[in-house]
Amino acid sequence: MHATPEPDPTPIPRSLLPRFLLIGAILLAIAAAFAYVGGWLAPHRLTPKRLIDQFQANAGVYPGYRRNHAKGVCVAGYFKSSGQAAAYSVAQVFAPGERTPVVGRFAIPGSNPYAPDGSVPIRSMALRFTQANGQQWRTGMNSMPVFPVATPQAFFAQLQAQQPDPATGKPDPKKLAAFFAAHPETAAFRAWAKTAKPSASFATESYWSLDAFEFVDAKGVRHAVRWRMAPEATDSGAAPAGQADYLDADLRQRLAQAPQRWKLLVTLANPGDPTDDATQTWPADRTTLDAGMLVIDSEQAQDSGACRDINYDPTVLPHGIAISDDPLLPARSAAYAVSYLRRTSEEAHLPGSARPSAKARPESAR
Amino acid sequence: MKNTTGLFALPARVLHWLMAVMILAMLFIGIGMVSSVSERHAWLLRIHKPLGIAILLLAVVRLAVRLRHPPPPLPADLPTLQKLAARASHWLLYALMIAMPLVGWAMLSAGGYPVMLSDSLRLPAIFPTNATAFAILRHLHTWLAMLLFLTFLAHLGAALYHGLIRRDGVLASIAVHRRETPAPPQADVDAR
Ligand code: HEM
Ligand code: HEM
Ligand code: HEM
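And the structure:
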């Protein structure tokens, strides 16, 4: 032992406070940046969760069901390519003569799985093509030629305007009017909706992609496209009066007789046609390809069928198809993922997920 | 084999900083993409998957490097509890940089999604399609990411504590360039 202690090899300055503060400030700044990017410090940013929460605010929560297009039925079949689209897209599904299995779903828009079939004039068709190479093409289409809005922000504003007034249980007509006044792009859709009648069948409807996509050919050239499923069945009658559920029975009856078919019609954009605006149609003279035939030959209840656990995210695409600059597409992908996580969590009865209430489907139907 | 250089092996140092940037970027990309409805969602997700798989591959290489080249000992005068915390948090970081990409890959598999790393490169499924498994893995991906972020913050705080307050050569031991001679390893000599 020395009488005088040796100097410390790492001398520590007198006041460490500023350095501790600096370290604290650095950590805090990083944590704050993380929280900001995650949306916690930006409550006004439109997030996928807010979109889905708004669906729930409008219609309630039906555990296990999709937050939109909740009422539907699973179907299956295949797509037989004509080869006509192969010059524009290298996707295997379009190779001449290629037969690709399909798992699909017909539905009506709305968050209530018990809504009457006649409550909306729109039907929807969702498809998942599984290519032989394992890549998938998922698409969700609606039976109308234009979408009411062009952006997720406008879609959110529309949902907010449609939220039922607690006093009347109905949307406030003033809010709806204000929304439409502020959104003239909804005019084409509203004109269509004025004459549209709920169809008696899923099988007689055309289904539009609405959003634009890009086909990528063998040279890597991109072609802006939209597509549509055009039905073979044309015997569209009026929907039966006074009945809540008829679409499912109609489909079952038709499938018992014969498979139902749709032609996949792909429209090529001309330069300048809008690809970022689903409220506008493209002129009728655009080149249209008959890409092949969709054949639906079976159906299953949505509570147990193969479509139940599929998220028909329209951005799940094979090599040869890509998203366009349409702002609805990333919003759909993000929102469908939240809806999918909520409903699969509910199916799994995970803690914190919504539980079936008296309103929800009976236990026996799960 | 004992490390008496006072430094991590060069591959360990290079991998440390390369992966520090990649992992931190992944945390921000992940949290940013799930809270956005804009085009950001699409392009961030396109980066997220291949970058995550790259982290998985690099983490395996890094573990191999770690097993071949033991790290320099921590300063001998570091309290036992801090040494323990350092060791535990390092292994937690290793565990998370392997678990995160595996959970991401498994959750997409369980959800029935094709695991696309590019327009045409698809990884095989590593988990059977199952909605319950998807939901659990998807939540796990979030919670492990939060744990990774908190562990990273503690790790950064500790590194700055070593560099700014203790100034004991620990920070220099992982630096890619040697600016000054790091403090000699003090495992065998008790300074007090
Ligand atoms: C930003 C705009 C949109 C939002 C937020 C939105 C939201 C949703 C949500 C939450 C679901 C349920 C997803 C699930 O749990 O699997 C859904 C389903 C669906 N949406 Fe959208 N949607 C939007 C735009 C569109 C557009 C433009 C189309 C038209 C082509 C469309 C067609 C469909 C179809 C067909 C389904 C049913 C899919 C199925 O049967 O599983 N949606 N939508
Ligand atoms: C996400 C980012 C990071 C990860 C995942 C990470 C991970 C790791 C791991 C696993 C080790 C242990 C190496 C071993 O013992 O084999 C380590 C050591 C180290 N890291 Fe990091 N690190 C990150 C960021 C940083 C940053 C930003 C700094 C400094 C500012 C830093 C400073 C250090 C130091 C000084 C060591 C050496 C500790 C020792 O001597 O035992 N790290 N890091
Ligand atoms: C070091 C590796 C990884 C890190 C740090 C990481 C981090 C994250 C984070 C922070 C989120 C947001 C979670 C939330 O807030 O809910 C996220 C989401 C996600 N991650 Fe990762 N991840 C990693 C690897 C992967 C890998 C390898 C894949 C797939 C191959 C993947 C696929 C996904 C997907 C698909 C989502 C978003 C799903 C959705 O939209 O709901 N991740 N990740």
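Listed in order, the protein sequences are those of chains A and B. Heads up: the first sequence begins at 4 in this note's numbering, then just goes up one per residue. Heads up: the second sequence begins at 22 in this note's numbering, then just goes up one per residue. Even glycine gets a Cβ: it sits at the ideal position worked out from N, Cα and C. In this text, all values refer to a predicted model and were calculated from it rather than measured experimentally.
Bounding residues of the beta strand (DSSP E) (the contiguous stretch that carries residue i)
i                     : result
residue 74 (chain A)  : 74 to 84
residue 145 (chain A) : 139 to 145
residue 218 (chain A) : 216 to 219
residue 326 (chain A) : 324 to 326
Residue i - partner residues in DSSP beta bridges
i                     : result
residue 120 (chain A) : None; residue 120 (chain A) has no bridge partner.
residue 133 (chain A) : A:139
residue 297 (chain A) : A:82 and A:265
residue 174 (chain A) : A:167
residue 233 (chain A) : A:266
residue 62 (chain B)  : DSSP, once it has assigned bridges, lists no residue as partnering residue 62 (chain B).
residue 291 (chain A) : A:270
residue 303 (chain A) : A:77
Heavy atom of ligand 3 within 7 Å of residue i beta-carbon
i                     : result
residue 52 (chain B)  : yes
residue 118 (chain B) : yes
residue 83 (chain A)  : no
residue 48 (chain B)  : yes
residue 70 (chain B)  : yes
residue 113 (chain B) : no
residue 81 (chain B)  : no
Closest residue to residue i among the options (Cα-Cα distance)
i                     : options                       : result
residue 93 (chain A)  : A:67, A:131, A:66 and A:225   : A:225
residue 64 (chain A)  : A:336, A:31, A:187 and A:116  : A:116
residue 315 (chain A) : A:133, A:88 and A:253         : A:133
residue 124 (chain B) : B:57, B:77 and B:83           : B:77
residue 86 (chain B)  : B:152, B:147 and B:35         : B:35
residue 255 (chain A) : A:76, A:38 and A:23           : A:76
residue 127 (chain A) : A:42, A:232 and A:268         : A:232
residue 293 (chain A) : A:341, A:271 and A:343        : A:271
residue 25 (chain B)  : B:95, B:44, B:54 and B:41     : B:95
residue 164 (chain A) : A:50, A:203, A:176 and A:154  : A:176
residue 210 (chain A) : A:241, A:203, A:144 and A:161 : A:144
C-beta neighbour in chain A for residue i, strict 8 Å
i                     : result
residue 156 (chain B) : yes
residue 208 (chain B) : In this prediction, residue 208 (chain B) has a pLDDT of 43, which is less than 50 and means its spatial position is unreliable; nothing more can be read from the coordinates.
residue 25 (chain B)  : no
residue 101 (chain B) : no
residue 170 (chain B) : yes
residue 166 (chain B) : no
Residue-level contact to chain B via CB, residue i, 8 Å cutoff
i                     : result
residue 348 (chain A) : yes
residue 72 (chain A)  : no
residue 308 (chain A) : no
residue 47 (chain A)  : no
residue 54 (chain A)  : yes
residue 40 (chain A)  : yes
residue 155 (chain A) : yes
residue 6 (chain A)   : With a pLDDT of only 42 at residue 6 (chain A), under 50, the local geometry of the prediction cannot be trusted, and no value is derived from it.
residue 314 (chain A) : yes
residue 137 (chain A) : yes
Residue i Cβ short of 7 Å to ligand 2 heavy atom set
i                     : result
residue 121 (chain B) : no
residue 102 (chain B) : no
residue 44 (chain B)  : yes
residue 41 (chain B)  : yes
residue 162 (chain B) : no
heavy atom of ligand 1 below 7 Å from residue i C-beta
i                     : result
residue 231 (chain A) : no
residue 277 (chain A) : no
residue 143 (chain A) : yes
residue 314 (chain A) : yes
residue 322 (chain A) : no
residue 346 (chain A) : yes
residue 75 (chain A)  : yes
residue 55 (chain A)  : yes
residue 72 (chain A)  : yes
Residue i, enclosing alpha helix (DSSP H) - first and last residue
i                     : result
residue 336 (chain A) : 331 to 350
residue 257 (chain A) : 250 to 260
residue 191 (chain A) : 190 to 198
residue 103 (chain A) : Run containing residue 103 (chain A): none in the alpha helix (DSSP H); it sits in the beta strand (DSSP E), 102 to 111.
residue 58 (chain A)  : 51 to 62
residue 29 (chain A)  : 20 to 40
residue 155 (chain B) : 152 to 181
residue 101 (chain B) : 101 to 131
residue 93 (chain B)  : No alpha helix (DSSP H) holds residue 93 (chain B); DSSP gives it neither H nor E.
residue 44 (chain B)  : 31 to 54
residue 192 (chain B) : 191 to 195
Heavy atom of ligand 5 within 7 Å of residue i beta-carbon
i                     : result
residue 326 (chain A) : Ligands present in the displayed structure are limited to ligand 1, ligand 2 and ligand 3, and ligand 5 is not among them.
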